[in-house]
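Participant: Residue numbers (the working numbering): 1 to 406. Supplied in structure tokens, the structure appears directly below.
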């Protein structure tokens, strides 16, 4: 094939074809690499930023409370980013008068851009009451302990005190987790240490009560096949009794209990009766029953652990800075050896200069608020962050978000 340009006959050379092939290969390579790299950096970057913001919000509100100011939370409800990958290729051939001296110019460019849109939601009004002021439920407590968090750490952080109850479940007295009430605070700490010792030695059970609940006690007719099948799909079971009648039952998970005995070793009726007694406690209580005759029973405990809200937890930590600092408490003589027993639940340092180590910190009103540089404090702050996500993590359908586009 021949091409005519400016009156000259030019034959395409093999070098030109190789150049075209090289340009095409390089173009495909650039297109294939730019996009995934940009996406990888963006996703990791947004995740790191969101996690850092949560830490900053917690420390900021601790600092606000320490300054006797109200807390305020704003959370990111969504991050949407549009990615645009562009590759440009230009090929220019310069023809010379003398044959064999033509020139090729190649222009190759690639770019990747993103257009993020952030939606942030101030937690206020009824939602503020629900998420910030309402005490945590027992399942949040049970989940943390189930995942391996030390129970004394969780109790000291989440609990405002222990309501000691009589055998029938009625109120006896309250033991407050408050250093401004030294005697009650010391007793509370000793109870938390005793439970931690039992747990460390595999003598403590933290789990929901599971029992068989009877829905229909005496059914004279034979259940229809479709009723049996439908009931099976719903977790219901029909059983024929010795007198020929039928009963309909289902397994139900009741309230969470902390015991020094295995609740599954109780009869089904005993678990049901215990759950009925626990149900009389309001939401936000975790029932404790350390009874005599079982491991650790020489230090009997019966009552309910009163759970805090995220606002109360922040206030407790902030008060520990100067208003109501915690102090060391030794374990009860009836409690075995304790591996770790720090005086402060979560140490927050307030300094004029940044912390010397890489710990979560924030500058507020000219002061630096930072997490104590110990393994205990770092781990406790992780637990606090988990509780914060539990309280305000789900922000769908919450008010009108503030949208910021870049």
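Even glycine gets a Cβ: it sits at the ideal position worked out from N, Cα and C. These figures come from a predicted structure and were not determined experimentally.
Residue 339 to residue 186, Cα distance in whole Å?
Facilitator: 18 Å
Participant: Between the alpha carbons of residue 267 and residue 213, how many angstroms are there, rounded?
Facilitator: 13 Å
Participant: Buried or exposed, going by whether 16 or more other CB atoms sit within 10 Å of the CB of residue 216?
Facilitator: exposed
Participant: Quick check on residue 231: does DSSP put it in helix, strand or coil?
Facilitator: helix
Participant: Need the endpoints of the beta strand (DSSP E) that residue 125 sits in, please.
Facilitator: Taken as a continuous stretch (DSSP letters only), residue 125 belongs to no beta strand (DSSP E), being part of the alpha helix (DSSP H) at 125 to 128.
Participant: Do three or more CB pairs link the region 186 to 203 to the region 171 to 178 at distances below 8 Å?
Facilitator: yes
Participant: Going by alpha carbons, who is nearest to residue 378 out of 360, 366, 318 and 364?
Facilitator: 360
Participant: Which residue wins for smallest C-alpha separation from residue 255, given the options 271, 222 and 246?
Facilitator: 271
Participant: By the 10 Å Cβ neighbour count, where 16 or more other Cβ atoms means buried, how is residue 279 classified, buried or exposed?
Facilitator: Flag for residue 279 reads exposed.
Participant: Am I right that residue 74 and residue 123 are in contact with their C-beta atoms under 8 Å? What's the rounded C-beta distance?
Facilitator: 7 Å
Participant: Here's the rule: buried if 16 or more other CB atoms are within 10 angstroms of the residue's CB, otherwise exposed. What is residue 153?
Facilitator: buried
Participant: Assuming residue 342 is part of the alpha helix (DSSP H), what are its boundary residues?
Facilitator: Where residue 342 is concerned, there is no enclosing alpha helix (DSSP H), given that its DSSP letter is neither H nor E.
Participant: What are the boundary residues of the alpha helix (DSSP H) that includes residue 222?
Facilitator: Careful: residue 222 lies outside any alpha helix (DSSP H) and carries neither H nor E.
Participant: For residue 390, which of 349, 68 and 130 has the nearest alpha-carbon?
Facilitator: 130
Participant: Mind reading off the beta-carbon distance from residue 305 to residue 151? Whole number of angstroms is fine, and I expect it under 8 Å.
Facilitator: Incorrect: roughly 10 Å between the Cβ atoms, too far for contact.
Participant: Measure the C-alpha to C-alpha separation of residue 162 and residue 240 and round it to an integer number of angstroms.
Facilitator: Whole-angstrom Cα-Cα distance: 44 Å.
Participant: Kindly identify the DSSP beta-bridge partner or partners of residue 147.
Facilitator: For residue 147, which the question treats as bridged, DSSP gives no partner whatsoever.
Participant: Suppose contacts are defined by Cβ-Cβ distances below 8 Å. Is residue 290 in contact with residue 319 by that definition?
Facilitator: no
Participant: Check whether the Cβ atoms of residue 166 and residue 283 sit closer than 8 Å, and answer yes or no.
Facilitator: no
Participant: Specify whether the region 340 to 353 and the region 363 to 374 touch according to this definition: at least 3 beta carbon pairs, one from each stretch, less than 8 Å apart.
Facilitator: yes
Participant: Measure the beta-carbon distance from residue 208 to residue 253 and round it to whole angstroms, keeping in mind my assumption that it falls under 8 Å.
Facilitator: Rounded, the Cβ-Cβ distance is 4 Å, consistent with contact.
Participant: What is the DSSP secondary structure of residue 240, counted as helix, strand or coil?
Facilitator: strand
Participant: Let me know the secondary structure DSSP gives residue 7 once reduced to three states.
Facilitator: Below a pLDDT of 50, predicted positions are generally treated as unreliable, and residue 7, at 40, falls in that range; the measurement from the model is reported next regardless. If DSSP states are grouped into helix, strand and coil, residue 7 belongs with coil.
Participant: Using a Cβ-Cβ cutoff of less than 7 Å, which residues in the same chain neighbour residue 65 once the five nearest sequence positions on both sides are dropped?
Facilitator: 71, 314, 315 and 318
Participant: Got a sec, what are the start and stop residues for the alpha helix (DSSP H) residue 391 sits in?
Facilitator: Annotation: the continuous alpha helix (DSSP H) that includes residue 391 extends over 375 to 392.
Participant: Considering only residues of the region 291 to 364, which uninterrupted beta strand (DSSP E) runs meet the minimum length of 3 residues and lie entirely inside it, listed in chain order?
Facilitator: Qualifying beta strand (DSSP E) stretches, in chain order: 301 to 307, 348 to 351 and 361 to 364.
Participant: Can you name, in chain order, every residue of its own chain whose Cβ lies under 8 Å from the Cβ of residue 237, other than the five neighbours on each side?
Facilitator: 231, 248, 249 and 250
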